[in-house]
Amino acid sequence: AREKFKTLVSQRDVPELEELLSKQEYEADGKTVSILELNVNDLATSNWIGENKPKYEEESGNEESEDEEDDEAVPGMDLKPKTIKIEKNPEAEKLKLDKIARQKAVHKETVKKTNKSKVFQLKQRLDRQKNKKMSLKAKFKQERAIKNAKGKTKKKLLKKKK
């Protein structure tokens, strides 16, 4: 009975519903930011996980002539280093900027939520009280030192106070 229960299709989660339930949306400064959990299938299809395979550009004419010359050369001992062409992709830069904007919006939203939380406010209040006590203690210590001091020491302490 347990084996049949494990193989039942009706007991499996529906991926579309899971995706909708895993979305979280925040609204900050008139912008809506939605956070979606990524699953392994999405990561694999978009090549975010898996083997790192470099992409080579093929230039048949130039490489053939260079290969003929390189037959005699020892690898790594070339007199002329090969130039590597780096292609800038404006779409990738745009996506990177969008990602940064999303991260900033999410960070801003979490800071707002944290600042509104009761625990954070309690901690802030306790810190304020502690700082107030410390400053009063230092002030009274200074006044006591001035009161008990005599001669030149008293003059120095009075100058510091002003």
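FYI, the numbering for the sequence shown is 1 to 162, going by UniProt numbering. Every residue gets a Cβ at the ideal spot worked out from N, C-alpha and C, and that includes glycine.
- Cβ atoms of A28 and E109 come within 8 Å of each other, at about 5 Å.
- The DSSP-derived three-state label of V106 is helix.
- In the DSSP annotation of this structure, the continuous segment of the beta strand (DSSP E) that includes K31 starts and ends at K31 to I35.
- Between Y26 and V106, the C-beta spacing is below 8 Å.
- If the five residues before and after F120 are omitted, its C-beta is found closer than 7 Å to the C-beta atoms of T114, all from its own chain and listed in chain order.
- Under DSSP, Q124 shares a beta bridge with no residue.
- In the three-state DSSP reduction, A28 falls in the strand class (E or B).
- With respect to L136, I146 sits apart: the two C-beta atoms are not nearer than 8 Å.
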